[in-house]
Structures are given as C-alpha cells and as structure tokens.
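S.K.: Handing you this structure, nothing more for now.
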Amino acid sequence: MPVVQVKLPDIGEGIAEGEIVRWLVKEGDTVKRFQPIVEVLTAKATVEIPSPYTGKIRKLLASEGDTVRVGQPIAEIETDTAGPVKEEKPEEPQKEAGPQPRPQAEATPIETQASQAGIAKVKAPPSVRILAKKLGVDLTKVKGTGPRGVITKDDVIAYAEAQKKEPKPPVQAAKEAVVEEERIPLRGVKKVMAERMVEAKTRIPHAYVVEEVDITELLAVRERLKPLAEEKGVKLTILPFIMKAVVKAIREYPLINSSLDEDKGEIIVKRTVNLGFAVDTPHGLMVPVIKNANTKGLFQLAREVRELARKAREAKLSLDEVRGSTFSISNYGSIGGVLGIPVINPPEAAILGVGRIRKEPRIRDGKIEERSLVYLTLSFDHRILEGGYATRFLVRVKELLENPILLLAGEGELE
Amino acid sequence: MEVLGSRDILNLDRALGLYRVLDEDGNPVAGEPSLPDKLLLDMYTYMIRARILDGWLLKLQRMGRVALHAPNKGQEASAVGATLALKREDWLFPSYRELGALLVRGMTEEEILDRALTTIDDPLKGSDFAIYGHRKYNIVPAPVPVANQIPHAVGAALAAKIMGDKIVTMTFFGDGSTSRGDFHAGLNFAGVFKAPVVFVNQNNQWAISVPLKRQTAAPTIAVKGIAYGVPGIRVDGNDVIAVYTVAREAVERARSGEGPTLIEAVTYRLGPHTTADDPTRYRGEEEVKEWERREPLRRMRRYLISRGLLTEEEDKALWSEWEKRIEETVVKVLEKPPLPPEVILEDVYEEPPWNLKEQMKELRESIRLLKELGIELE
C-alpha cells in the first residue's frame with residue numbers, strides 16, 4: 159500500500175506557517191478523503207485541515223504546539239488506492255540530496271545534473287531562473303533578498319556583475335543572448351579568477367591613487383643596458399625596472415607589502431617581497447610569482463619575468479609558482495590601456511597598475527619636449543593603508559623610475 | 036413648492052419595516068403564500084445546493100486548492116429568492132457571496148468549481164480581477180473591490196433602456212458597500228434616469244469586522260433609497276419567499292419603466308467574512324447562535340413540511356442526493372488539469388502589442404525550461 163505525505167497546504171493570503179493546535183485523528187486511525195484531521199492556527203485564524211486522501215494514518219509528523227511551514231509534511235497516510243497522489247510521494251530520507259537522473263532532461267554541457275538539482279531547490283520565479291541561465295549564474299550560490307528569501311532579478315544581476323572582471327550592462331547582455339548566445343562554462347582559471355575577484359571586490363574596500371611618471375630617461379638607460387643584457391641572455395623590458403622600483407620603495411613603506419588578518423584584527427607585514435605579475439594567456443589570467451624579489455637584481459628579475467610568462471602562456475606553471483605573492487603588478491599597458499584601475503589580488507594590501515607608454519609634449523626648462531609618459535595606478539586596501547601612506551609610496555616609485563640612477567645604485571641591483 | 040415625481044416612493048413604512056411571509060419558525064404570518072409548489076421546492080433545493088457547495092469551497096480552501104472563499108452560510112435565501120424573480124434574458128451583477136444566485140441563473144456546481152479551482156475549464160480563465168461570472172448565463176464577473184458592480188448594473192440597465200431591450204439588471208452588494216461612493220453614484224443615477232435595475236443589499240450585519248451600527252447612522256439601509264428617489268423595501272433576507280415576493284415586484288416595476296428599487300435583505304453571515312478571517316475576534320457566540328435559529332433553510336424546511344410538500348424522509352433524501360452529486364463533482368473537478376499559464380496574457384487585447392508578445396514568448400520559454408528540468412508547475 160502506498161504511503162503518501164500530507165503537507166500543510168497553502169491556505170492562502172500570505173500564510174507562511176501555522177501552529178498545530180489539535181490533532182483530530184491519531185496514528186492508526188482510518189480517515190476518509192476530505193475528513194478534517196487537524197486544527198491549525200495561522201496568523202489569520204484557526205482552521206480545520208481536511209485530509210487529501212483516504213487511508214490509515216501511519217504517522218503524525220508534527221506535534222500539537224509545533225509550528226509548521228506551508229508545504230512541510232505533517233502526516234503520513236497509507237492509502238489503498240494510487241488515486242490522486244502522484245506527486246506527493248514521501249522523500250526517502252537516506253537518499254542523497256544530490257543529482258537525480260531525470261529521464262527526459264537532455265544534458266547540454268552547461269546543464270550539469272548538479273546545477274539541475276540546484277535549480278530545483280532554490281527559490282526563484284521562472285523569469286529569474288531564465289536570466290540566471292543566460293548569465294551563467296548558479297542560483298544555489300545567490301542569496302535571495304526577496305520575500306522569504308526568494309531570489310530576485312536584481313540579486314542575479316548583482317551576482318553576475320560581481321563575478322565579471324569587466325561587467326557588461328546585464329540587461330543588454332540578456333537581450334543579446336535572446337538572439338544568439340554561446341555558453342562558456344566558468345571553470346578552471348576563469349573560475350578561480352571570478353571567485354577571487356568577487357572576494358576582493360566584496361571584502362576589500364578599495365581606494366585608488368594615480369601618478370604620471372616620466373620614463374624618458376629610464377628608456378634611455380634601458381637602451382644603454384641592452385647590449386649588456388643581451389650578453390647575459392636577458393631581454394630587457396620595462397617591467398623589471400618597475401619591479402625594482404616597487405621593491406625599493408617597499409623598503410621604505412613596508413606596510414604596502416602586508417595583509418590583513420581579519421579574524422585577529424592584525425596587519426601581517428611581510429619581510430620578503432614575492433611579486434605577482436599578471437599575464438594574459440589564452441587560458442585566462444595567470445599571476446605567476448617572483449619569489450624574494452627584494453633580493454634580486456634587475457637582470458635576474460627580467461629573466462624570471464620572461465621564464466614565468468612563457469610558462470604561464472604554455473600553462474606549465476607549478477602550483478608553487480603561482481602562490482604566495484605579497485604584492486602584484488598588472489602591466490595592462492603592454493596591451494594598450496592608458497590608465498587602468500586594477501583589483502587587489504587578495505590577501506594583498508595593494509596592486510600596481512601600469513598603463514601604456516605614451517609620447518607626449520611636456521614643458522621642460524621652458525621648452526616643449528617629447529617625453530615618454532606612463533600612468534601608474536595604485537589600488538590599495540583602505541583598511542590597511544591610509545591614502546597618504548599609499549600616495550607617498552607611489553610618489554617614491556615615481557621618483558625612482560624618473561631617476562634611474564637611484565634605482566640601480568647599490569650592490570647587486572643590476573645583476 | 037412643487038415636489039418632483041410621485042410621493043409613493045416616500046413610503047417609509049416599507050423602508051423602515053420588515054416584510055415577511057414566514058416567521059422565524061416557518062409559520063406563515065399572513066396566510067398561505069400563493070406560489071406554485073414546484074417553485075417553493077425549487078427555492079429550497081437551490082438553497083440546499085448553495086449550502087453544500089459553500090461547505091465544499093471552504094474545505095477545498097483549507098486543502099490549499101482554492102485560493103480564497105467568502106462563505107455564504109446563512110445568506111442563501113437572499114441570493115436565491117431575489118434571483119428567481121429574473122428572466123433568462125436579464126443580467127446579474129453579483130458580489131462574491133451569492134452562490135445561490137449563480138445556481139439559479141443556471142451555472143452548475145462544476146462550472147463554479149472550475150472557476151474556484153481555476154481548472155482548464157475555468158470560464159473566466161483564471162482572472163484575478165473577478166470572482167464568479169459566466170457569459171452564458173448573463174452573469175457579469177463580480178469585481179473583488181466592494182460596490183464596483185453597482186454602477187456597472189446601472190449602466191447596463193440604462194443602456195438596455197436606450198436600446199429598447201426589455202431587460203432588467205440586478206445587482207447584489209453588502210452593507211459595507213453602502214458607504215462607498217459607487218453606491219451613491221449608482222443609486223442617484225439610476226433614480227434620475229429610471230434605470231431598470233434592482234439593487235439587492237444583503238445586509239448581513241458585518242462588513243468584515245465592522246458592525247452595521249458603525250456603517251451608517253440611518254435607521255435602515257432601505258431608507259437610503261428614498262433620498263435618491265428610489266423606493267426602499269426592507270425584507271427578511273432569511274425568508275426566501277418574502278425575498279422572492281419583493282424582488283418580483285421590483286423586477287416588474289423596472290421592466291414596466293418605473294425605474295429602480297432598493298431592496299434591503301436583512302440577513303446574517305454565519306461564517307467568517309472570508310477564509311482569511313476569524314470572526315470570533317470581533318463578535319460574540321450568542322449573537323451567532325441567535326441567528327442560527329433564524330437561518331433560512333431550517334425555516335423553509337419547516338414550512339414545506341407543514342404545508343405537506345415535503346416529508347422528513349424526502350428532505351433527508353434530497354440532502355443526501357445533492358451531497359453525493361456535489362462530492363462527485365468535486366472529485367471530478369479535482370482531477371482536471373489546471374489552466375495553462377499562457378492564458379494570463381490572453382483576453383486583454385484582440386491583437387496583443389509587442390511587449391505582451393515578448394512576455395508570452397518568455398513565459399513559454401520558462402515553461403519549456405521548467406518542463407525540461409522536470410519541475411512541476413503548480
């Protein structure tokens with residue numbers, strides 16, 4: 159004989175739950191369909207709930223005085239007929255909540271069974287589910303702000319925006335998607351990026367400061383050093399110079415190279431500088447790390463940049479080579495952005511963004527000259543760093559880059 | 036100073052008195068009413084059907100199958116008696132507490148349940164702006180806000196008059212509705228233009244939790260008609276024969292071009308205002324007990340038995356027959372598939388504008404997606 163569950167019905171007008179006042183039947187009783195079985199007190203009134211089935215009460219699942227939610231099982235009935243009971247089969251408690259095969263569902267790559275199970279469980283109206291599908295948002299990860307935790311369109315949009323590094327207007331994205339769309343699973347490197355960026359942007363209060371740096375002289379120095387570098391098998395780009403400037407400036411401004419222990423409420427200042435630098439690869443954004451950058455000379459930095467960037471593009475970085483950075487640099491200027499606002503790579507305290515090198519007229523000693531200029535952006539965690547401190551650090555980086563002699567003076571700074 | 040129109044409408048006795056054919060125990064107060072036996076038995080049968088159906092709708096609401104129900108218990112005589120005075124071609128503008136009126140017009144229990152459960156056969160296709168209605172039976176869907184139907188009935192009556200149709204409209208509303216502007220506008224307009232309309236006020240003493248004494252300072256509701264030039268007749272709303280008698284008079288008056296009538300049917304709502312109401316919070320048990328003694332079915336049954344039209348056995352058989360038939364109908368309707376969600380966008384425009392078409396497309400896509408995911412639509 160099939161066992162069916164009686165659930166607290168939706169008794170209308172915004173009723174979400176009710177208190178069991180009195181059972182009108184007991185376990186073992188035979189009940190007829192439509193026979194009142196329980197009195198329930200709702201926010202509006204005390205009502206008698208009729209049984210939806212004919213059969214024998216096997217178990218009462220709620221006691222008098224219990225508060226039960228609409229849809230919650232309150233009793234089990236053994237019925238003699240299959241009758242109108244199709245969807246009300248009791249859930250088997252030992253069965254895992256995980257994916258269940260659904261016969262007619264065609265599994266497209268994005269429609270994994272896990273996400274199906276997720277969609278079935280979250281509270282969201284169909285329009286929101288469709289939007290989430292279009293934006294590739296996993297609804298199980300979205301917190302609903304609607305009534306009783308229902309996920310709204312705004313929740314999905316906010317979540318999708320937080321996931322994207324460069325947010326697109328979501329409405330437009332959804333509209334375009336109606337016409338034609340391609341589904342790209344968020345996985346691997348991209349997924350890591352998405353998660354870390356959400357973490358960074360939701361947890362870290364970002365502040366920004368920008369400087370324009372005149373690197374005309376630095377470029378001249380680089381030209382002069384090139385033959386020497388080539389002799390040593392080193393291709394000298396501008397990035398190692400910037401790294402050099404950063405580690406030198408960190409000596410004076412150690413808090414730049416720190417992180418925040420939120421649980422303990424302490425700032426951890428790192429003694430060594432492990433420099434992460436962003437590399438744009440076909441697989442996504444990778445941030446390899448030059449360990450102990452504060453102890454390395456310009457040529458060594460250049461060598462490691464080149465080697466790690468190659469490994470990144472070939473997806474051959476070891477886990478150790480992408481871990482443990484204490485400060486990061488994003489050199490989007492090598493692609494073309496004049497000025498960027500990078501997102502901090504958690505748990506670091508700051509990140510330096512390097513813009514494109516522009517040639518522009520500047521007045522020097524009363525004469526117009528062509529100068530090579532670059533914008534540096536420092537994004538910093540305003541919980542750790544004051545604006546003044548961060549700005550002074552950036553000004554110091556600027557000074558070092560504008561006076562390469564300061565940058566390379568000292569033993570071992572070159573090699 | 037000249038007084039406009041007839042002084043007949045100033046008949047205060049009828050507006051302040053209480054017309055009765057039967058007393059509270061079913062004894063004729065002024066001789067046997069001269070109505071056909073069949074009509075008397077029909078009145079009773081309709082009331083039985085309304086009572087049983089009302090109980091089912093309450094039950095189905097408690098099972099989560101009907102969103103909301105406004106119980107009728109105790110008011111069957113007003114709805115049945117008044118509507119029986121109409122002809123087939125007349126129009127009904129009900130409120131939400133007149134199951135008996137719907138049945139008298141010819142709407143079946145199945146059709147009413149289809150509506151209440153919004154099955155695939157729902158005559159109003161799930162519309163949330165109206166309670167019951169059916170075009171086939173000249174029943175205009177009842178609006179949810181109270182008193183809205185009063186001007187509708189007046190307008191339709193006036194239109195019929197202009198067109199030369201010999202039809203009458205009848206509208207039902209409660210005591211609470213008489214405090215609404217629609218009541219004033221409707222009665223005034225109907226009075227001025229002699230619209231062929233019958234206003235049936237079901238004065239059931241309570242507008243949700245507001246008692247009649249807080250509703251009006253007038254001694255009766257019927258007396259309000261006089262100020263609009265509309266005769267007011269106060270009748271015992273639990274006396275189905277009395278209600279029928281005054282309604283027939285009002286319908287004839289309307290049809291003959293003499294204009295509207297306001298009938299105040301004094302009755303009592305024995306149940307809650309709706310399934311979301313708990314009347315024990317605002318009224319006493321004794322009051323309810325008192326009115327239970329006066330309820331219309333008991334009274335009519337006693338009269339029919341005393342007149343020899345019904346035996347105790349026949350009465351029991353009549354009840355069990357309708358209980359069985361209606362339960363069968365309930366079971367049948369519960370098995371029907373629900374209304375497809377698409378109808379939500381139908382019947383507003385003959386040719387839907389682009390945005391509705393887009394919504395329709397999105398809705399279909401949602402439904403398809405849910406089906407694909409194996410999620411049941413509820």
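In order, the protein sequences belong to chains A and B. Residue numbering for the first sequence follows this note's numbering, beginning at 159 and increasing consecutively. Residue numbering for the second sequence follows this note's numbering, beginning at 36 and increasing consecutively. Where a beta carbon is used, it is the ideal one built from N, C-alpha and C, also for glycine.
Which first and last residues belong to the beta strand (DSSP E) in which residue 365 (chain A) is found?
M.R.: Taking the first residue of the first sequence as 1, we reach residue 365 (chain A) at position 207. Where residue 365 (chain A) is concerned, the enclosing beta strand (DSSP E) stretches over 364 to 372.
S.K.: Taking all protein chains shown into account, decide if residue 192 (chain B) is buried (16 or more other Cβ within 10 angstroms of its Cβ) or exposed.
M.R.: Here the question's residue 192 (chain B) lines up with position 157 in the second sequence. With 16 or more Cβ atoms within 10 Å of its Cβ, residue 192 (chain B) is classed as buried.
S.K.: Output the boundary residues of the alpha helix (DSSP H) element that contains residue 186 (chain B).
M.R.: Locating residue 186 (chain B) in the second sequence gives position 151, counting from the first residue. Its alpha helix (DSSP H) spans residues 184 to 198.
S.K.: Which residue's Cα is closest to the Cα of residue 479 (chain A): A:535, A:440, A:432?
M.R.: Your numbering for residue 479 (chain A) matches position 321 in the first sequence. Residue 479 (chain A) has its Cα closest to that of A:432, out of A:535, A:440, A:432.
S.K.: Beta-carbon within less than 8 Å of residue 379 (chain B)'s beta-carbon, same chain only, minus the 5 sequence neighbours each way: which residues are those?
M.R.: As a first step, residue 379 (chain B) must be located in the second sequence, where it is residue number 344. So the list reads 161, 398, once near-sequence residues are dropped.
S.K.: I want to know whether the stretch 52 to 60 of chain B touches the stretch 264 to 272 of chain B - three or more CB-CB distances under 8 Å.
M.R.: Taking 8 Å as the limit for Cβ pairs, the verdict is that the stretch 264 to 272 of chain B does touch the stretch 52 to 60 of chain B.
S.K.: Consider the Cβ of residue 307 (chain B): report whether some Cβ of chain E lies at a distance smaller than 8 Å.
M.R.: Absent from the structure: chain E. Protein chains present are A and B.
S.K.: Please confirm if residue 206 (chain A) has its CB atom under 8 Å from at least one CB of chain B.
M.R.: For the purposes of this step, residue 206 (chain A) is identified with residue 48 of the first sequence, where counting begins at 1. Judged by the 8 Å Cβ criterion, residue 206 (chain A) is in contact with chain B.
S.K.: Report the CB separation of residue 459 (chain A) from residue 398 (chain A) in whole angstroms; it is logged as a contact under 8 Å.
M.R.: Residue 459 (chain A) sits at position 301 when you count from the first residue of the first sequence. Residue 398 (chain A) sits at position 240 when you count from the first residue of the first sequence. With 8 Å as the limit, residue 459 (chain A) and residue 398 (chain A) qualify as a contact, their Cβ atoms being about 4 Å apart.
S.K.: Pick helix, strand or coil for residue 412 (chain A), following the three-state DSSP scheme.
M.R.: As a working mapping, residue 412 (chain A) is identified with position 254 in the first sequence. Correct three-state label for residue 412 (chain A): helix.
S.K.: Kindly identify the DSSP beta-bridge partner or partners of residue 54 (chain B).
M.R.: As a first step, residue 54 (chain B) is located in the second sequence; it is residue number 19 there, counting from the start. Paired residues: B:270.
S.K.: Does DSSP put residue 557 (chain A) in a helix, a strand or coil?
M.R.: Position 399 of the first sequence holds residue 557 (chain A). DSSP places residue 557 (chain A) in helix when its eight states are reduced to three.
S.K.: Residues of the stretch 293 to 319 of chain B in Cβ contact with chain A at a cutoff of 9 Å, in chain order, please.
M.R.: Residues passing the 9 Å Cβ filter: 307, 309, 310, 311, 312, 313, 314, 315, 316.
S.K.: Measure the Cβ-Cβ separation of residue 250 (chain B) and residue 210 (chain B) and say whether it is below 8 Å.
M.R.: Stepping through the second sequence from its first residue, residue 250 (chain B) is reached at position 215. Stepping through the second sequence from its first residue, residue 210 (chain B) is reached at position 175. Contact: yes.
S.K.: What is the residue span of the alpha helix (DSSP H) that residue 347 (chain B) lies within?
M.R.: In the second sequence, residue 347 (chain B) corresponds to position 312, counting from 1. It spans 347 to 369 - the alpha helix (DSSP H) in which residue 347 (chain B) sits, taken as one unbroken run.
S.K.: Counting only beta-carbon separations shorter than 8 Å, does residue 506 (chain A) have a partner in chain B?
M.R.: By 1-based counting over the first sequence, the position of residue 506 (chain A) is 348. No, because no Cβ of chain B sits closer than 8 Å to the Cβ of residue 506 (chain A).
S.K.: Give me, in chain order, the residues of the same chain whose beta-carbon lies closer than 7 Å to that of residue 273 (chain A); leave out the 5 immediate sequence neighbours on both sides.
M.R.: For the purposes of this step, residue 273 (chain A) is identified with residue 115 of the first sequence, where counting begins at 1. Reliability of the predicted coordinates at residue 273 (chain A) is poor, the pLDDT of 42 falling under 50, and the value obtained from them is presented with this limitation in mind. Closer than 7 Å at the Cβ level, and outside the excluded window around residue 273 (chain A), lie 296.
S.K.: Do the stretch 452 to 469 of chain A and the stretch 389 to 396 of chain A touch if we need at least three Cβ pairs shorter than 8 Å?
M.R.: The stretch 452 to 469 of chain A is in contact with the stretch 389 to 396 of chain A.
S.K.: How far does the alpha helix (DSSP H) with residue 463 (chain A) in it extend, from its first residue to its last?
M.R.: Residue mapping note: residue 463 (chain A) aligns to position 305 of the first sequence, counting from 1. Residue 463 (chain A) -> alpha helix (DSSP H) spans 456 to 471.
S.K.: What are the complete alpha helix (DSSP H) segments, minimum 4 residues, inside the stretch 76 to 119 of chain B?
M.R.: Listed in chain order, they are 111 to 118.
S.K.: Using DSSP with H/G/I as helix, E/B as strand and the rest coil, what is residue 240 (chain B)?
M.R.: Position 205 of the second sequence, counted from the start, is the residue given in the question as residue 240 (chain B). The answer is coil: DSSP assigns residue 240 (chain B) none of H, G, I, E or B.
S.K.: Under a CB-based cut-off of 8 Å, is residue 237 (chain B) close to chain A?
M.R.: Taking the first residue of the second sequence as 1, we reach residue 237 (chain B) at position 202. Chain A, which has no Cβ nearer than 8 Å to the Cβ of residue 237 (chain B), makes this no.
S.K.: Using CA atoms only, rank isn't needed, just tell me which of B:140, B:182, B:212, B:129 is closest to residue 206 (chain B).
M.R.: Translated into the one-based positions of the second sequence, residue 206 (chain B) becomes position 171. When only C-alpha atoms are compared, the closest one is B:129.
S.K.: Classify residue 265 (chain A) as helix, strand or coil using the three-state DSSP reduction.
M.R.: Within the first sequence, the letter at position 107 stands for residue 265 (chain A). Any reading at residue 265 (chain A) must be qualified, since the residue scores a pLDDT of 34, below 50, and its modelled position is unreliable; the value itself is stated next. It is coil, neither helix nor strand.
S.K.: Does the structure place the stretch 175 to 190 of chain A close enough to the stretch 213 to 224 of chain A that three or more beta carbon pairs sit under 8 Å?
M.R.: Yes, the stretch 213 to 224 of chain A is in contact with the stretch 175 to 190 of chain A.
S.K.: Tell me whether residue 265 (chain A) is buried or exposed, calling it buried when 16 or more other Cβ atoms sit within 10 Å of its Cβ.
M.R.: Mapped onto the first sequence, residue 265 (chain A) falls at position 107. Below a pLDDT of 50, predicted positions are generally treated as unreliable, and residue 265 (chain A), at 34, falls in that range; the measurement from the model is reported next regardless. By the 10 Å Cβ count, residue 265 (chain A) comes out exposed.
S.K.: Tell me the rounded alpha-carbon separation between residue 417 (chain A) and residue 303 (chain A).
M.R.: Against the first sequence, residue 417 (chain A) aligns to sequence position 259. Against the first sequence, residue 303 (chain A) aligns to sequence position 145. Roughly 32 Å between the two C-alpha positions.
S.K.: State the beta-bridge partners of residue 204 (chain A) as determined by DSSP.
M.R.: Position 46 of the first sequence, counting from 1, holds the residue named residue 204 (chain A). DSSP lists A:199 as partners of residue 204 (chain A).
S.K.: Does residue 426 (chain A) get closer than 8 Å to chain B when you measure Cβ to Cβ?
M.R.: Position 268 of the first sequence, counted from the first residue, corresponds to residue 426 (chain A). No, no contact with chain B.
S.K.: Using three-state DSSP, classify residue 541 (chain A) as helix, strand or coil.
M.R.: Along the first sequence, one-based indexing puts residue 541 (chain A) at 383. In the structure shown, residue 541 (chain A) sits in coil (DSSP, three-state: anything other than H, G, I, E or B).
S.K.: List the residues of chain A whose Cβ lies closer than 9 Å to the Cβ of residue 374 (chain B), in chain order.
M.R.: For the purposes of this step, residue 374 (chain B) is taken as residue 339 along the second sequence, with counting starting at 1. What residue 374 (chain B) touches in chain A: nothing, since even the nearest Cβ is about 16 Å away.
S.K.: Between residue 308 (chain A) and residue 282 (chain A), is the Cβ-Cβ spacing less than 8 Å?
M.R.: Here residue 308 (chain A) refers to the residue found at position 150 when the first sequence is read from its first residue. Here residue 282 (chain A) refers to the residue found at position 124 when the first sequence is read from its first residue. The answer is yes: Cβ separation under 8 Å.
S.K.: Return no unless some Cβ of chain A is closer than 8 Å to the Cβ of residue 341 (chain B).
M.R.: As a first step, residue 341 (chain B) is located in the second sequence; it is residue number 306 there, counting from the start. Taking Cβ atoms only, chain A never reaches closer than 8 Å to residue 341 (chain B), which makes this a no.
S.K.: If you draw a straight line from the alpha carbon of residue 257 (chain B) to that of residue 244 (chain B), how long is it in whole angstroms?
M.R.: On the second sequence, residue 257 (chain B) is found 222 positions in, with the first residue counted as 1. On the second sequence, residue 244 (chain B) is found 209 positions in, with the first residue counted as 1. Each residue's alpha carbon lies about 22 Å from the other.
S.K.: Answer with buried or exposed for residue 64 (chain B), where buried requires no fewer than 16 other C-beta atoms within 10 angstroms of its C-beta.
M.R.: Within the second sequence, the letter at position 29 stands for residue 64 (chain B). With fewer than 16 Cβ atoms within 10 Å of its Cβ, residue 64 (chain B) is classed as exposed.
S.K.: Keeping to the same chain, check which residues put their C-beta closer than 6 Å to that of residue 84 (chain B); ignore five residues upstream and five downstream.
M.R.: Numbered from its first residue, the second sequence carries residue 84 (chain B) at position 49. Only 138, 357 meet the Cβ criterion.
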